[in-house]
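Take a look at the structure set out below.
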Amino acid sequence: AIQMTQSPSSLSASVGDRVTITCRASQDIRNDLAWYQQKPGRAPNLLIYSKSTLQSGVPSRFSGGGSGTDFTLTISGLQPEDLATYYCLQEFTFPHTFGQGTKLEI
Amino acid sequence: VQLVESGGGLVQPGRSLRLSCVTSGFTFMNYDMHWVRQAPGKGLEWLSFILPDGSDLDYADSVKGRFTISRDNFRKTLYLEIRDLRVEDTAVYYCTRDHYGGPPFDYWGQGTLVIVSS
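Have a look at this one:
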């Protein structure tokens, strides 16, 4: 199975900051990488798919990049409501695998 | 679009359970369907998927042989049967959808909590 290594595991930042979360795949997954935001007690919410395509309704301060094995999620201009845990997902092959998550504290 | 899981609860180790995910608001038979779980305080774990016509499915290695995914396109319902429940199966179980070429897991259910304990 493809391993997804996400870093950092936790991150503290201030409102207005630019933050970047990284996800590294154990093998090439082309652009089949998605990012999810999960707030406490809630189901995950899709932010970005196909590495960099912003899901409908997601604020433009979220962006995705990278390719092959290394991917990033960037939040430009952090807002208080961005307090959450963020996960990457590889959907290149089965079994699909999530990263371990990054807990973002504001 | 709605996905509503049910069937969770407190169960003893070794028992079996069937989770259901009733869907509405979209053409169920056009979507791959998946199960994902989250143990308390832990991350997301992908479990299983099934094609729209049920002709292909797959499982995470950690659950292969004990979990069975199935679907009823007439009832627009997804199922997950779990056998020989273990303490480590304690988690919130989510169903979610995927359409080939479209955004993956764009809608999720609210989850159903399974607690395995004697």
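Residue numbers (our numbering), protein chains in the order written: chain X, 49 to 154; chain Y, 111 to 228. Just so it is clear, CB atoms sit at the ideal spot from N, CA and C, and this is done for glycine as well. Being a predicted model, the structure only gives us computed values, none of them experimental.
Taking the beta strand (DSSP E) that residue i belongs to, which residues open and close that run?
i      : result
Y:T133 : 127–134
Y:T178 : 177–182
Y:F159 : 154–160
Y:R147 : 142–148
Y:I225 : 222–226
Y:T137 : Note, Y:T137: premise wrong, no beta strand (DSSP E); not H, not E.
Y:Y189 : 187–192
Y:G119 : 119–121
For residue i, count the other beta carbons within 10 Å of its own beta carbon; 16 or more makes it buried, fewer makes it exposed. Which is it?
i      : result
Y:P214 : buried
Y:L120 : exposed
Y:F184 : exposed
Y:M139 : exposed
X:V67  : buried
Y:A170 : buried
Y:V207 : Val is not the amino acid found at residue 207 of chain Y; the sequence shown has Arg there. Y:R207 should be labelled buried.
X:T158 : This structure cannot settle anything about residue 158 of chain X, because the visible part of chain X is limited to 49 through 154.
X:T101 : exposed
Y:D199 : buried
X:P88  : exposed
X:V63  : exposed
Y:T222 : buried
X:Q127 : exposed
Y:R128 : exposed
Y:S174 : At residue 174 of chain Y the sequence reads Lys, which differs from the Ser that was named. Under this definition Y:K174 is an exposed residue.
Taking only three categories from DSSP, how would you classify residue i?
i      : result
Y:V173 : coil
Y:V111 : coil
Y:D168 : strand
Y:D199 : helix
X:F146 : strand
Y:Y210 : coil
X:K151 : strand
Y:Y217 : coil
Just list the beta strand (DSSP E) runs in the stretch 55–143 of chain X, keeping only unbroken ones of 3 residues or longer that don't cross its boundaries, in chain order.
58–60, 66–73, 81–86, 93–97, 110–115, 118–124, 132–138
Do the stretch 150–162 of chain Y and the stretch 136–149 of chain X touch if we need at least three Cβ pairs shorter than 8 Å?
yes
Could you tell me whether the stretch 110–129 of chain X touches the stretch 69–78 of chain X, using the rule of 3 or more Cβ pairs below 8 Å?
yes
Between the stretch 128–135 of chain Y and the stretch 175–194 of chain Y, do at least 3 Cβ pairs fall closer than 8 Å?
yes
Count the CB pairs spanning the stretch 115–129 of chain Y and the stretch 103–113 of chain X that are closer than 8 Å, and state whether there are at least three.
no
Taking any Cβ of chain A, which residues in the stretch 166–198 of chain Y have a Cβ under 8 Å from it, in chain order?
Chain labels in this structure do not include chain A; the protein chains are X and Y.
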